[in-house]
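All remarks here apply to the structure that follows.
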Amino acid sequence: MRNVYFNHDGNVDDLVSLLLLLQMPDVNLLGVGVTDADGYVGPASSASRKIIDLFGHEDRKPVDVAKSNSRAVHQFPKEWRLSAFSFDDFPILNEHGPAKTPLADKPGHLDMIEKIQNADAPVTLVMTGPLTDLARALTIEPSIADKIDRLFWMGGAMNEQGNVAEPEQDGTMEWNAYWDPEAVKTVWDSSLAITVVSLDSTDQVPLTPELRARWATQRRYPALDLIGQGYSLVHSFEANSTYYLWDVLTTLVSRYPELVDSKPIKSDVIASGPAAGRTFITEQGRDVTFVTSVHADAFYDKIDELAQSATEK
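Reading the sequence shown from the start, the letters are residues 16 to 328 in the numbering used here.
Structure follows, in structure tokens:
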């Protein structure tokens, strides 16, 4: 079994990622941390607990959910974050009453430290939101880097085509990096092995009407019904940009690297100024594995395969 700690920030794509991660047959999910970023941490934590209640596996070790107390340098737009409330209210997640999966007794970054330190083997760290909890954890307890075999992070944009349109910034950065640029720099300055799933590759897997229809035809599978309902909450006109399967791609790549093509690059991060959060390729940078392209048909098929295998408790 592969040890995984999952840290997300509570939007639809994050919650779908958790659902799919729970179905991976050889994954030992050590813990889940939720950051108050692209979704509000309260309902996002609640929805995470209910997803584990409904679609977790009773034959695996119990898992809890840690609420982060990390705060934004630049917060996501409120309008993007509200879907966490609706997702948490879906009847399929509430028909059996209040969530039973417990909240961790420590905030996200301290829970991350504890779960990694107590793991019986190296830990794969999957992060689909800002890197703040990891940066704080590394600052408090640098030795955890020795127990993390690799970080898979959804963030950054190596081609300077970001998705942030805010005052006093130059538009070259991606939102998870922009939320806390200093945290990205802290992680980049660490010894961790990093795989970056940035806008350069996630832009190859948009949420399309055809994909919505594909899931709609599979409503007989409870997990695919939930996935279809979840993505019904997000539309391009709300975010003034296309919605992509950013986090699902990252989560699946952490277990199924054959779904993408990757290459080694050297990169760095700008931590302040109008370009704060920009990730870029430079020969003076640190080594990372950079996902360049997606085998889209295989990716979508893997989503269906994992979701079809999910059974309600």
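Backbone N, C-alpha and C fix where the C-beta goes; we use that ideal spot for every residue, glycine too.
Its chain contains 212, 216, 275, 277 as the residues whose beta carbon lies nearer than 6 Å to that of residue 306, once the 5 sequence neighbours on both sides are disregarded; these appear in chain order. Separation of residue 33 and residue 177 (C-alpha to C-alpha, rounded to the nearest whole angstrom) is 25 Å.
Between the stretch 54-66 and the stretch 319-326 there are fewer than three C-beta pairs closer than 8 Å, too few to call the two in contact.
Around the beta carbon of residue 18, 16 or more other beta carbons sit within 10 angstroms, so the residue counts as buried. Residue range 311-324 is occupied by the alpha helix (DSSP H) that includes residue 314. Residue 38 and residue 183 have their C-alpha atoms some 42 Å from each other.
Taking a 10 Å sphere around the C-beta of residue 195, we find 16 or more other C-beta atoms and assign the residue as buried. Beta bridge pairing from DSSP links residue 282 with 296, 301. When the five nearest sequence neighbours on each side are left out, the beta carbons in the same chain lying within less than 6 Å of the beta carbon of residue 117 are those of 79, in order along the chain.
Membership of residue 191 in the alpha helix (DSSP H) is indicated by the continuous run 190-194.
Residue 173 counts as buried, since no fewer than 16 other beta carbons sit within 10 angstroms of its beta carbon.
Close CB contacts of residue 237 within its chain, under the 6 Å cut and outside five residues either way in sequence, are with 327 (chain order).
For residue 21 against residue 44, the beta-carbon gap comes to about 7 Å, under 8 Å, which counts as contact. Between the stretch 102-113 and the stretch 76-90 there are fewer than three inter-stretch CB-CB distances shorter than 8 Å, so the stretches are not counted as touching. Among the bridge pairs identified by DSSP, residue 276 is matched with 308. Around the Cβ of residue 16, a 10 Å sphere holds fewer than 16 other Cβ atoms; the residue is exposed. Rounded to whole angstroms, the separation of the alpha carbons of residue 304 and residue 279 is 5 Å.
Taking 8 Å as the cut-off, the Cβ atoms of residue 29 and residue 262 count as close. In the three-state reduction of the DSSP assignment, residue 186 falls in the coil class, being assigned neither a helical nor a strand state. Only residues of its own chain outside the window of five on either side were considered, and among them 239 have a CB closer than 6 Å to the CB of residue 233, listed in chain order.
Cβ atoms of residue 138 and residue 269 stay farther apart than 8 Å, at about 11 Å. With fewer than 16 other Cβ atoms inside 10 Å of its own Cβ, residue 93 counts as exposed. Distance from the CA atom of residue 207 to the CA atom of residue 74, rounded to whole angstroms, is 31 Å.
For residue 82, the enclosing beta strand (DSSP E) begins and ends at 80-82. Within 10 angstroms of the beta-carbon of residue 132 lie fewer than 16 other beta-carbons, which makes it exposed.
Taken through DSSP and simplified to helix, strand or coil, residue 100 comes out as helix. The alpha-carbon separation between residue 223 and residue 202 amounts to approximately 33 Å.
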